[in-house]
Amino acid sequence: MSNIKVSFENTGLDKEELMKYSEQVEQAHDELHNVADDENEFVGWLHLPTNYDKEEFERIKKSAEKIKKDSEVFLVIGIGGSYLGARAVIESLTNTFYNLLPNRKTPQIFFVGNNISPNYINDLLECIGNKDISINVISKSGTTTEPAIAFRIFREFLESKYGIDEARRRIYITTDKEKGALKKLANEEEYETFVIPDNIGGRYSVLTAVGLLPIAVAGIDIDKLMFGAKTAEDKYNEKTVKYNECYQYAVTRNILDKRGKTTEILVNYEPKMQYFTEWWKQLYGESEGKDHKGIFPAGAMFTTDLHSLGQYIQDGKRNLFETVISIEEPETDIKIKKDADNVDGLNFVADKTMDYVNKKAMEGTIEAHISGGVPNILITLKKLDAEALGELIYFFELACGISGKILGVNPFNQPGVEAYKKNMFRLLGKPGYES
Ligand code: PA5
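Going by this note's numbering, the sequence shown opens with residue 20, and the numbers climb by one from there.
Rendered as C-alpha cells:
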C-alpha cells in the first residue's frame with residue numbers, strides 16, 4: 020500500500036498541458052530503463068530496491084549491531100551525497116533531540132568531514148571526550164578533501180585511544196569496490212568495507228551502504244526503508260504520464276520553470292525533516308543545475324520560516340513555486356488545554372491538537388501563497404516512518420532522473436563541482452594543480 024498522494028490542483032495547470040509531454044516522458048522512461056543494469060551508466064538506483072546486494076545488507080545489520088554494543092558515539096565522515104541521505108533519514112525518524120536522549124540504546128551520531136572548519140572538529144572532540152567511538156568513512160572517490168582531513172584526524176584519535184588493532188575494528192569504510200585511496204587503505208588495514216556501486220552516484224546512494232549503515236546504527240529498520248522504496252519502484256513503473264504521479268511532478272516543475280517559476284521551494288511543517296530538504300536540494304541542484312539551466316532548489320521550514328522568508332514568498336519576486344510535504348498522521352500529538360483566564364487569548368484553539376493547528380496553518384499558507392502567485396504542489400505522506408520515507412526517497416530520485424531528461428541535461432554528472440576544487444588545490448600547492 021502506497022503512502023504517497025500528490026495533488027496538482029493548485030499549480031494552475033490542467034492535465035491537458037501535462038499530456039503534451041507524454042512522448043518526452045516515455046522516451047525519458049525508456050532511456051532510464053534501457054540502461055538500468057549497465058555498469059557504465061549511473062542508473063543503478065532504478066532497480067536497487069529489488070536488486071540490492073542481500074549479502075552486504077546482512078553484513079550492514081551485523082556491523083550496526085556491533086557498533087551499537089561497543090560504541091557510545093558513531094561518527095559519519097562524508098560530504099554531499101556521502102552523508103546527506105543518512106542524515107536526512109536519521110533525523111526524520113528519530114527523536115528531534117536524538118543525541119541528547121538519556122538512557123540510550125543506540126550511539127550518539129555526529130556527522131563530520133562535511134566542512135573544513137577547525138572549530139567544528141575541536142568542538143566535536145570536546146563532546147566525544149572519553150566515550151567509546153566507532154567511525155564510518157564514506158567516500159566514493161576516496162580522495163575528497165573534507166572527509167580525508169577528518170579521517171586523518173579521527174583515525175589518529177582512535178589509534179591513540181585504542182591502539183592500532185582495536186582501532187581497526189572500529190573503523191568502517193564505504194567506498195568504491197576496487198578503486199581509490201580509501202579502498203587501498205581499507206585493504207591494507209583490513210577494515211570492514213562496504214561498497215558504493217559503480218553505477219550509483221553519491222546523491223542517489225542513500226539506499227546503498229552509504230546511507231544504510233548509519234541509518235541501521237540509529238536503530239531504524241532498514242528492511243522497512245527498502246520495502247517502502249520497492250513499493251515506489253513498483254508504483255511508479257508506469258511510463259504513461261497520465262497514470263504516474265511521479266512523472267507528473269517531473270513534468271509540472273518543468274512547465275512551471277518555462278513560465279518563469281525558476282525556484283522551487285520544498286516546504287515542510289515538520290522540523291525533523293530539515294535534512295530531508297537538504298538531501299532533496301542536493302539531489303535536484305546537482306542533477307539539474309548545468310548548461311545554464313535548472314530550477315533552483317530552495318527549502319523552507321514552516322511555520323518557522325513564515326516569520327523570516329514568508330514576506331518574500333508572499334510578496335517578493337514572482338519566480339517561485341512551492342512543493343509542500345504534509346504528513347497526514349502525526350507520530351505524536353498534544354491537546355491544547357482550556358485556560359479559565361484566557362489571558363493569552365488562545366482559547367479559540369482550546370481542545371484542538373497541535374497537529375490540527377499546524378495543518379490549519381498549512382492550509383491557510385497554501386491559500387495565501389496561491390493567491391500571491393505561487394503555484395503549489397502538495398505531497399501528502401501518510402505517516403513519517405521508515406516505509407513511507409523509503410517510498411518518498413525513491414519518488415524524488417525517479418522524478419529527478421525524468422525531470423533532468425525533460426530539461427535536456429545529464430542528471431547524473433556534476434562537472435561544476437570540480438571548479439572550486441581545482442582553484443583550492445592550486446592555492447594550496449597540490450602537485451599537478453600549479454597552473
Ligand atoms: O552526489 C555526488 O556525487 C557528490 O555530492 C559526492 O557525493 C560528494 O562530492 C562526495 O564525493 P565522494 O563520495 O567521492 O567523497
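For every residue, glycine included, the Cβ atom is placed at its ideal position computed from N, Cα and C.
D374 sits buried, since 16 or more C-beta atoms from the chains shown fall within 10 Å of its C-beta.
Under the three-state reduction of DSSP output, I421 falls in the helix class. Under the criterion of beta carbons closer than 8 Å, S90 and D142 do not qualify as touching, at roughly 19 Å. Spanning the alpha carbons of P126 and N273 requires a straight line of approximately 42 Å. In this structure, N22 sits near L411, with a CB-CB distance shorter than 9 Å. Note on geometry: alpha-carbon atoms of Y191 and K441 lie some 29 Å from one another. Less than 9 Å divides the Cβ of T271 from the Cβ of T30. Annotation for A319: no alpha helix (DSSP H) segment contains it, though the beta strand (DSSP E) segment containing it runs 315-320. In this model, E386 and K198 are separated by some 52 Å (Cα to Cα).
Linking I183 to L144 through their CA atoms gives a straight-line distance of about 19 Å. The alpha helix (DSSP H) runs of length 4 or more contained entirely in the region 173-199 are, from start to end of the chain, 183-187. Short of 6 Å from the beta carbon of G391, and not among the five residues preceding or following it, lie these beta carbons of its own chain, in chain order: Q333. Put simply, the region 273-283 touches the region 314-334. At least three CB pairs are less than 8 Å apart. Relative to the ligand PA5, E305 has its C-beta within less than 8 Å of a heavy atom.
With respect to the 9 Å criterion, Y71 and T227 are classified as neighbours on the basis of their beta carbons. The ligand PA5 has no heavy atom closer than 8 Å to the beta-carbon of T227. Here E264 is buried. Its C-beta has 16 or more other C-beta atoms within 10 Å. Per the C-alpha coordinates, the member of I154, F27, L120 positioned closest to F129 is I154. Look at the region 132-170 and you find these whole runs of alpha helix (DSSP H), each 4 residues long or longer: 137-147. Residue environment analysis places A418 among the buried positions, since at least 16 neighbouring C-beta atoms fall within 10 angstroms of its C-beta. Separation of I98 and P166 (C-alpha to C-alpha, rounded to the nearest whole angstrom) is 7 Å. Note on geometry: alpha-carbon atoms of I79 and Q433 lie some 28 Å from one another. Cβ-Cβ separation between T113 and A237: approximately 6 Å, consistent with a contact (criterion under 8 Å). For R222, the CB falls within less than 8 Å of some heavy atom of the ligand PA5. Put simply, the region 43-63 touches the region 205-225. At least three CB pairs are less than 8 Å apart. Between the ligand PA5 and the CB of I157, the shortest heavy atom gap is smaller than 8 Å.
Here Q293 carries a helix assignment [DSSP, helix/strand/coil]. Under the 10 Å beta carbon count, K196 is surrounded by fewer than 16 other beta carbons and is classified as exposed. Burial is judged here by how many other beta carbons sit within 10 angstroms of a residue's own beta carbon; P233 has at least 16 and is buried.
Excluding its 5 nearest sequence neighbours in each direction, K243 has C-beta neighbours in its own chain below 8 Å: D404, A405, E406, G409, listed in chain order. About 18 Å separates the Cβ atoms of L120 and Y294, ruling out a contact at the 8 Å cut-off. The residue from I353, S422, E211, T296 with its alpha-carbon nearest to that of E307 is S422.
Of K203, A359, I353, the smallest CA-CA separation from N377 is found for I353. The Cβ atoms of A251 and F321 lie no closer than 9 Å to each other. A straight line joining the alpha-carbon of M38 with that of K261 spans about 7 Å. DSSP places F76 in the uninterrupted alpha helix (DSSP H) bounded by 73-89.
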